[in-house]
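Below is one structure, written out as structure tokens; the observations come after it.
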Amino acid sequence: MNKSSRFISLSGLSGVLAGIYAIIGATVAYWLVEGYSDGTLILEGKTYGLVLLDLALIAFLSIATAVVLTTKKAKKQDEKVWDNTSKRLVVNFLIPLLTGGIYILIVLNQQKYGLTAALMLIFYGLALINASKYSIGNIRYLGFIQTILGLICALFPDYGFWIWVLGFGVMHIIYGVWMHIKFDTNY
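At position 127 of the sequence shown the residue is numbered 126 (numbering that gives the first Met the number 0), and the sequence of numbers has no breaks.
Have a look at this one:
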């Protein structure tokens, strides 16, 4: 696909910041549930609400940062931010992401926390893969990595927290740095 059919103004720095937000949010979540050291996790109402708020804040900050930095980059490159291609990218990203998010909330409501991290990684990875046809193709690889990490996480749910940190934190930072070096320093 050529430039007019792909949205290429995604900011690498937004990926780095999303990874940092994820690591900070994971630290907060770890601190909130730290008292559950016997291998079981039963979240009472207040802690459950705080963990959900933590996750929502990570998502909000990541999305807001991506929008602000991508808009700034697009303006510098004299590109439109909200055109048919970017609309298709958002729709194709949101379909698997919102479906997964609703499913995860259903699972959490049933207090089945064991596969939550795996489901988050899998559905996020699928959302990236689905949206990649309207963005630079490299985002597909981050999607594959997230999906594979989600499957590994499903195999080893006891390590779910750490695999989540690896996927949403470390991988975003690595991918964001790579994107910044490859695409953001050239304009």
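No residue lacks a Cβ here, since even glycine has one placed at the ideal position from N, Cα and C.
*Take every Cβ of the region 98-118, pair it with every Cβ of the region 154-171, and state whether three or more of those distances are shorter than 8 angstroms.*
Yes, they touch.
_Range of the contiguous alpha helix (DSSP H) that encloses residue 159_ = Counting along the chain, the alpha helix (DSSP H) containing residue 159 begins and ends at 159-163.
*Please go through the same chain and pick out, in chain order, the residues whose beta-carbon is closer than 7 angstroms to the beta-carbon of residue 131, but skip the five residues on each side of it.*
138, 139 and 142.
*Can you round the beta-carbon distance between residue 14 and residue 174 to whole angstroms, since I take them to be within the 8 angstroms contact cut?*
Right, their Cβ atoms sit about 5 angstroms apart.
*If you drop the 5 nearest sequence neighbours on each side, which residues of the same chain put their C-beta closer than 6 angstroms to that of residue 145?*
The beta carbon of residue 145 lies closer than 6 angstroms to those of 120, 123, 124 and 166 in the same chain, with the five residues before and after it left out.
*Of all the options 92, 28, 21 and 89, which has the alpha carbon lying nearest to the alpha carbon of residue 57?*
Residue 57 has its Cα closest to that of 21, out of 92, 28, 21 and 89.
*Could you check where the alpha helix (DSSP H) with residue 92 kicks off and where it finishes?*
Per DSSP, the continuous alpha helix (DSSP H) segment holding residue 92 begins and ends at 83-108.
_Cβ-based neighbour list, residue 16, same chain, cut-off 7 angstroms, excluding 5 preceding and 5 following_ = The residues 64, in chain order, have a CB closer than 7 angstroms to that of residue 16 in the same chain once the five nearest residues on each side in sequence are set aside.
*Cα-Cα separation, residue 28 to residue 89*: Going from the Cα of residue 28 to the Cα of residue 89 covers about 28 angstroms.
*What is the DSSP secondary structure of residue 114, counted as helix, strand or coil?*
In this structure, residue 114 counts as coil in the three-state DSSP scheme.
*residue 175 - containing alpha helix (DSSP H), residue span*: The continuous alpha helix (DSSP H) containing residue 175 extends over residues 170-181.
_Please classify residue 201 as buried or exposed, where buried requires at least 16 neighbouring CB atoms within 10 angstroms._
The chain is shown from 0 up to 186; residue 201 falls before or after that span and cannot be answered.
*Consult DSSP for residue 79 and reduce its assignment to one of helix, strand or coil.*
Residue 79: coil per DSSP, three-state reduction.
*Under a Cβ-count criterion, where at least 16 other Cβ atoms within 10 Å of its own Cβ denotes burial, should residue 67 be classed as buried or exposed?*
Residue environment: residue 67 is assigned as exposed (fewer than 16 neighbouring CB atoms within 10 Å of its CB, all protein chains considered).
*Once you ignore the five residues that flank residue 94 on each side, which residues in its own chain have a CB closer than 8 angstroms to its CB?*
Cβ within range, chain order: 126 and 129.
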